[in-house]
Amino acid sequence: MAGYKPRVIVLSKKPGHSFGFFLRVEKGEDGHLIRNLEMGGPSELAGLKDGDRILRVNGTYVDEMDHSRVVDLVKESGASVTFHVLDVASYKQAKTEGVDLSDPHPKPTQPTMNGVAGEAPKPKLCYLAKSSGGYGFSLRSVKGER
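Numbers 109 to 254, taken from the numbering used here, label the letters of the sequence shown in order.
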């Protein structure tokens, strides 16, 4: 699957508090789903989204594991847990395409442009000449983006 790349989310919580989400399985849906994120809680602040699918808990592949065992893995992790997650659209696309989600290092697939497979564009080396007015463009960061 082009672009298949799980997000790595590291959550920490204070003793006696929760990570701020519910882990569920739902009828008609595959995988272990993140639901009911607590606004401003550790999971929301770390970047988890409603509907994300958990693929790994602390490095252990859990997608096909019994739900109660996945819950136990999260509980056993203590005050900190690391998830590998996919958003709902990527997860469903990966399942449709038969991607092996248990592979921690998926092999890159042939890139597609406008839905047509082809060779990746070759990088080009460009030299910029500065004129009296500068380079003719400006670079700015977007607030809140890295």
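A virtual CB, placed ideally from N, CA and C, is assigned to each residue, including glycine.
Since we're looking at a predicted model, the values are computed, not measured.
The Cβ atoms of LEU163 and VAL193 sit closer than 8 Å to each other. Considering only LEU131, GLY148, LYS230 and SER239, the residue with the shortest C-alpha distance to VAL178 is LEU131. Close CB contacts of MET147 within its chain, under the 8 Å cut and outside five residues either way in sequence, are absent. Minimum Cα-Cα distance from GLY167 among the listed residues ALA202, LYS232, ILE117 and SER246 corresponds to ILE117. When beta bridges are read from the DSSP output, VAL207 appears opposite no residue. For the set LYS230, LYS203, VAL165 and VAL182, the Cα lying nearest the Cα of ARG115 is the one of VAL165. For the 8 Å CB-CB criterion, LEU209 and ASP171 form a contact.
Rounded to the nearest whole angstrom, the CA to CA distance from PRO123 to VAL182 is 14 Å. Straight-line spacing of the CA atoms in GLY139 and GLY155 works out to 19 Å.
ARG164 carries a strand assignment under DSSP once its states are collapsed to helix, strand and coil.
The beta strand (DSSP E) runs of length 3 or more contained entirely in the stretch 149-195 are, from start to end of the chain, 161-165 and 188-194.
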